Amino acid sequence: IRPRAMVGYSLGEYVAACLSGVLSLPDALRLVAARARMIQESEPGRMMAVSLSAEAVRPLLGDDVSLAVDNGLETCVVAGPDEAVAELGAELDRRGVAHRVLPTTHALHSKMMLPLADSLIELVRGITLNPPTIPYLSNVTGTWITLGEACDPGYWARHMCKTVQFFQSLETLLDDSRQVLLEVGPGQALGAFAKQHPACQKAQMPLILPTMRHAHQHQSDPAFLLEQVGRLWLLGVEPDWNGFWRNETRRRVHLPTYPFERQQYWPDEASLMAYAEGRFPLPEQTGKKPDLADWFYVPSWRQEPLISRRTDTETSRWLVFADGCGLGDQIVRSLREAGKPVAMVHVGPAFAVAAPGEYIFSPMSTEDYDRLFETLAAEGLLPDRIVHLWGVTGDDPKPSDTSGRLGHALDLGFHSLLHLVRAAVRHHTSGEIRLDVVTDTIHAVAGEGRLHPEKAIVLGLLKVVPQEHPHIRCRSIDVRLPGSGDRGMRRLAGHLTAE
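8 is the number of the first residue of the sequence shown in this note's numbering; add one for each residue after it.
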């Protein structure tokens, strides 16, 4: 992303000068390294952050302590010899002013740097200085860098010894509020200084974005950076996409098609600003549809003949999540009679091997799903056909209250399938997986009685999974369990096995 303008903070001005073309990168690195060696060999000192404005702290400094950085109306940094800064700290304690010693070994941007000025000037004279190609603000003056300053070796000595006028730089920069401030580098301190500036209290405060997360945020660094790139793009900043995608691995995601109606639905600038700032305005209400027939919809069904028997000749490895009503047991028996390798899982408190090819584990333990697939892989039974029947509960699922049924459906339906798919993706590296999810009493097809719509939460998951993982094919099969007796259950199991 190419900036329109830049401002550095102390050593950050070297970065701005390098990006602007004043310094080449090799020269900038040599200059920064040599400058650091010079400072390291000089007399040590101390720097201290003070919760006062530059004007308020100046009368307290004395002859030895310098104002090193002017950050804002209520924050600045002073620097000087250890003893002098310690005496100032004691005076601030008596006045009840908050202050904090910074973790530095030398008094940067203070009078203690003056003995190094001539050496730095000689060093800079051996480096080619070029006119800036991107405007940036001077720490020394708080205004735009001039050609004479950028190419003057003496300027860089003044930069090392003089106060960093960051508050004045922000004043100059924020004169135009219709812009985006992007903080480049670790932490979010510069953005915080900008937000505290009086110019940001105006009605149209500029948008301030960091590029690195705060230490207390737990989002991954790449995800945080990508989010900021997305926000910049929403605001009209066009990144160099060829450079952005270089060495990136991408995968195709299937999205639903739409008709090309040649109508534009791009959001306006106000909506983009609101989204980038994390505000999501509610859509405008368009009013009630006048025709009552437009208020509702119902699913429609098409009759197809039942498959009388299995005609499958493929060699598949099956994994069946058996229900508590006996339907899964019947299906497993039918598959094994057909010579299919089948593993069966029952709901239990923890992972255990009940018998060869039969397992028990908790539907809410993600570790149990991984252990199951690791065990199946070790036994050569990694499945490519999965039948999930934990959503089959019969006419009266326990518990009987509505909230309890919803929790039951979440655990044995949605969450169980979510953990199952994630484990399958982690352990099944190649080949197609077919996932059949069997439920009962979700749909009313032929005027069925009591339904349990809370189980329908699995339908959304089954629509999304194949879009994110095209090698997983999903089907939802809804049934009504027969009455008492094994004959009806065997008949239903035969139909399901054939299906």
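We put the CB at the ideal spot given by N, CA and C, even for glycine. Given the structure is predicted, the values throughout are model-derived calculations rather than measurements.
Start and end residues, beta strand (DSSP E) containing residue i
i	result
Val445	Ile440 to Asp447
His395	Arg392 to Gly398
Arg482	Ile479 to Val486
Val29	Taken as a continuous stretch (DSSP letters only), Val29 belongs to no beta strand (DSSP E), as it is neither H nor E.
Range covered by the alpha helix (DSSP H) that runs through residue i
i	result
Ser341	Leu334 to Glu344
Ile464	Ile464 to Glu475
Val260	Unbroken run through Val260: none, as it is neither H nor E.
Arg378	Thr373 to Ala385
Phe231	Asp228 to Leu241
DSSP state of residue i mapped onto helix, strand, coil
i	result
Met86	For the record, residue 86 in the displayed sequence is Ala; it is not Met. If DSSP states are grouped into helix, strand and coil, Ala86 belongs with the strands.
Asn78	strand
Ile46	helix
His502	helix
Ala357	coil
Tyr366	strand
Ala222	coil
Pro66	helix
Pro246	coil
Ser437	coil
Ser17	coil
Ser423	helix
Ser60	coil
Pro10	coil
Val39	helix
Arg494	helix
Val452	coil
His459	coil
Gly414	helix
Trp302	coil
Trp273	coil
Leu279	helix
Pro253	Per the sequence shown, the amino acid found at residue 253 is Arg instead of Pro. Correct three-state label for Arg253: coil.
Pro406	Only weak support is given to the placement of Pro406: the predicted model assigns it a pLDDT of 49, under 50, and the question is left unresolved by the model.
Expected contact under 8 Å - CB spacing of residue i and residue j to nearest Å
i	j	result
Leu383	Ala362	Actually they do not touch by this definition, with Cβ atoms about 15 Å apart.
Pro142	Ala61	25 Å between Cβ atoms; not a contact.
Thr504	Leu239	The pair is not a contact, with the Cβ atoms about 55 Å apart (cut-off 8 Å).
Ser423	Trp397	6 Å
Val191	Thr150	With a Cβ gap of about 21 Å, Val191 and Thr150 do not count as contacting.
Glu344	Asp391	Contact flag wrong, Cβ pair sits at about 20 Å.
Val14	Val76	Going by Cβ atoms, the distance from Val14 to Val76 rounds to 13 Å, so no, they are not a contact pair.
Ala385	Val352	Wrong, their Cβ atoms sit about 16 Å apart, outside the cutoff.
Leu95	Val85	7 Å
Pro160	Ile128	5 Å
Leu36	Leu130	The pair is not a contact, with the Cβ atoms about 13 Å apart (cut-off 8 Å).
Thr446	Val465	7 Å
Leu499	Cys332	Not a contact, Cβ separation roughly 10 Å.
Met120	Met167	5 Å
Leu507	Ser176	A question about residue 507 goes unanswered here, because the residues of the chain that appear run from 8 up to 506.
Residues sharing a beta bridge with residue i, DSSP
i	result
Leu326	Ala350 and Ile393
Arg53	Gly87
Pro489	According to DSSP, Pro489 bridges with nothing at all.
Pro217	Glu190
Ser307	Ser307 is not bridged to any residue.
Ser73	Ala86
Self-check item: beta strand (DSSP E) runs wholly inside the segment 148-214, at least 3 long, in chain order
Solution: Those beta strand (DSSP E) runs which fall completely within the segment 148-214 and span 3+ residues are 187-190.
Practice problem: Write down every uninterrupted run of the beta strand (DSSP E) in the segment 90-149 whose length is 3 residues or greater and which is fully enclosed by it, in chain order. | Solution: The segment 90-149 contains these whole beta strand (DSSP E) runs: 106-108.
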